[in-house]
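Following: one structure in structure tokens, then a few remarks.
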Amino acid sequence: FECICMSSGQAAVHFLQDHPTNHGLDLVLMDIWMPSMTGLEAAEAIQAIDNNLPVLACSADANIELEQEVKAVGMRGIIAKPL
């Protein structure tokens with residue numbers, strides 16, 4: 109496996125905008141609470157670019173309400189931190 113790390117949700121969105129069909133990604137693991145753009149906002153933008161790319165949330169605040177929000181924006185699920 110190869111891992112590509114981005115500094116923010118915004119950086120991930122820009123990467124996918126620059127490579128909408130040839131990004132080579134199989135999965136996006138996205139933190140929820142980030143500065144400037146939350147993981148929820150980034151996931152919505154990512155799904156608008158490539159709705160076949162699975163996005164999983166990662167958060168220390170995993171709960172039923174957050175899981176519902178995650179699924180509402182098109183994320184596939186949530187993984188509780190610490191991993």
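For the record, in the sequence shown the residue sitting at position 53 is 161 according to the numbering used here, with numbers rising by one throughout.
No residue lacks a Cβ here, since even glycine has one placed at the ideal position from N, Cα and C.
Remember, it's a predicted structure, so these values are computed and weren't measured experimentally.
Checking 8 Å against the spacing of the C-beta atoms, do M138 and A150 come in under that value? yes
Taking the continuous alpha helix (DSSP H) assigned at A170, which residues delimit it? First-last for A170: undefined, no H or E at that position.
With distances taken from CA atoms, which of I172, H131, S116 and L191 is nearest P162? H131
Enumerate in chain order the residues of its own chain whose CB-to-CB distance from V181 is below 6 Å, with the five nearest sequence positions on each side excluded. L148, A151 and E152
Element boundaries [alpha helix (DSSP H), containing G117]: G117 to D126
Span separating the alpha-carbon of H127 from that of M145: 20 Å
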